[in-house]
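Just so we're aligned, residue 1291 is where the sequence shown starts under the working numbering, counting upward by one. Where is the CB? At the ideal position from N, CA and C, for every residue including glycine. Inspection log for the structure reproduced underneath, given as structure tokens.
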Amino acid sequence: MDARIEIFWHALAVAIVMILAALIVGCLIFIRLEKDFQRATLTLYSACGFAYFILLFASGFLMNGGGMAGSAMNGINAGGHYILVTKGRETEVTQSYWEWALFSEYLSRILLFVIVMTIAGILVHAKFREYNTYKPSRKSAPRRPHPHISNMQALPFEDQFRNWLRESLSDGAPEDIVGFAFNLYEPGDDPNSKFAVELVGTDEFQRHDSDWPCAEIWEPKTRGLHIPLDYSGDDWEECLTQLREVVKEVLAGDSVAAQTLRSVEGVGLGFVDGDLEILWQRPTG
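Take a look at the structure:
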């Protein structure tokens, strides 16, 4: 096997070990700091950030692994001569030094490739997802209702809500959804509505933890519904009370939407920056 190819495979193997080791060390550190195994998502996210900076440092260090003599990738290893090249200048070195320089260059480029692809993945994710599912707390953000909702404005809000819910769940929800959450928020862009409601599906459900809706894995196309001001009033507690009764009434029914909501472990309601109230939970036993 050609020496360059063999060294490349060695560098690739070492890069994989370094990436896995950085992730494992990051997980151990952040689990130790948090002392809370329930927050696995946050721990993994923190560990990935730790691994990212470790690999970035390692890549920068290895970039100069061949020393100041030059690059082995641009050099030659023919006829027993091992040449490093830098800025047109050639330097002959020993075989072991040349192999170390080539190994360091391969490894640094592999790590840089992983880092660049990670950044690209983050940018693509942020570009094509409207909402960030890795946020550590439930923060509000302006959301506009689906155009279909504008056709229901003349109906009483209870009917608007049922139509919106039926339309939202008709998109089809993944089978791995564990909980549904109705999030209330202030849209801020509608003079006729002070509050609005959205529906999200999550891959976890924790009765005593208001942050479980952050584990969001699904959102319907008709995500947001603005609540008329004459129905909700100006007070958030009044709005919460009104919507609580509507959702409970739906959950108590036999509609397809109600059956879909009751197919998971629990359904919650609350403001995105406040506590969450469990309106329905699957009976145990």
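Please report how far the alpha carbon of residue i lies from the alpha carbon of residue j, in whole angstroms.
i: F1403; j: I1344; result: 14 Å
i: L1318; j: L1474; result: 36 Å
i: L1459; j: E1448; result: 17 Å
i: E1488; j: N1482; result: 17 Å
i: L1455; j: I1409; result: 36 Å
i: V1414; j: E1476; result: 28 Å
i: L1519; j: L1530; result: 13 Å
i: T1550; j: F1470; result: 10 Å
i: D1501; j: D1493; result: 12 Å
i: L1401; j: I1295; result: 17 Å
i: R1572; j: G1462; result: 21 Å
i: D1525; j: V1490; result: 24 Å
i: V1540; j: R1452; result: 8 Å
i: E1509; j: P1446; result: 25 Å
i: A1293; j: P1464; result: 50 Å
i: Q1532; j: S1522; result: 7 Å
i: E1380; j: D1466; result: 60 Å
i: A1548; j: P1503; result: 19 Å
i: W1390; j: M1308; result: 17 Å
i: S1440; j: G1478; result: At S1440 the pLDDT is 48, less than 50, meaning the model places this residue with poor confidence and gives no usable figure here.
i: Q1450; j: T1574; result: 33 Å
i: I1306; j: Y1387; result: 23 Å
i: A1542; j: D1480; result: 31 Å
i: H1300; j: G1411; result: 26 Å
i: Y1372; j: S1398; result: 21 Å
i: D1544; j: G1564; result: 30 Å
i: E1527; j: E1535; result: 13 Å
i: I1314; j: R1552; result: 38 Å
i: A1311; j: D1499; result: 31 Å
If you run the structure through DSSP and keep just helix, strand and coil, what is residue i?
i: Q1496; result: coil
i: R1411; result: The sequence given here has Gly at residue 1411, not Arg. Helix.
i: A1293; result: helix
i: E1488; result: strand
i: K1425; result: Only weak support exists for where K1425 lies, its pLDDT of 40 falling under 50; the value from the coordinates is given anyway. Residue state, collapsed to three classes: coil.
i: F1298; result: helix
Can you give me the start and stop residues for the beta strand (DSSP E) that residue i sits inside?
i: A1542; result: It is not in any beta strand (DSSP E) - A1542 carries neither H nor E in the DSSP assignment.
i: R1456; result: Segment F1447 to L1459 is the alpha helix (DSSP H) holding R1456; no beta strand (DSSP E) there.
i: G1556; result: G1556 to F1561
i: W1570; result: L1566 to Q1571
i: G1469; result: G1469 to Y1475
i: W1502; result: Looking at the DSSP string, W1502 is not in any beta strand (DSSP E), and its letter there is neither H nor E.
i: R1379; result: R1379 to V1383
Could you spell out where the alpha helix (DSSP H) holding residue i opens and where it closes?
i: A1548; result: V1546 to L1551
i: D1660; result: Missing from the structure shown is residue 1660; the chain here goes from 1291 to 1575 and no further.
Rounded to whole angstroms, how far is the Cβ of residue i from the Cβ of residue j, which I believe are closer than 8 Å?
i: G1560; j: R1497; result: Not a contact, Cβ separation roughly 13 Å.
i: L1658; j: V1537; result: Not covered by the structure: residue 1658. The range shown for the chain is 1291 to 1575.
i: Y1396; j: F1472; result: At roughly 53 Å, the Cβ-Cβ gap does not stay under 8 Å, so Y1396 and F1472 are not in contact.
i: T1512; j: E1457; result: 5 Å
i: F1495; j: I1517; result: Not confirmed; about 25 Å, so no contact.
i: V1383; j: L1374; result: 6 Å
i: V1554; j: V1468; result: 6 Å
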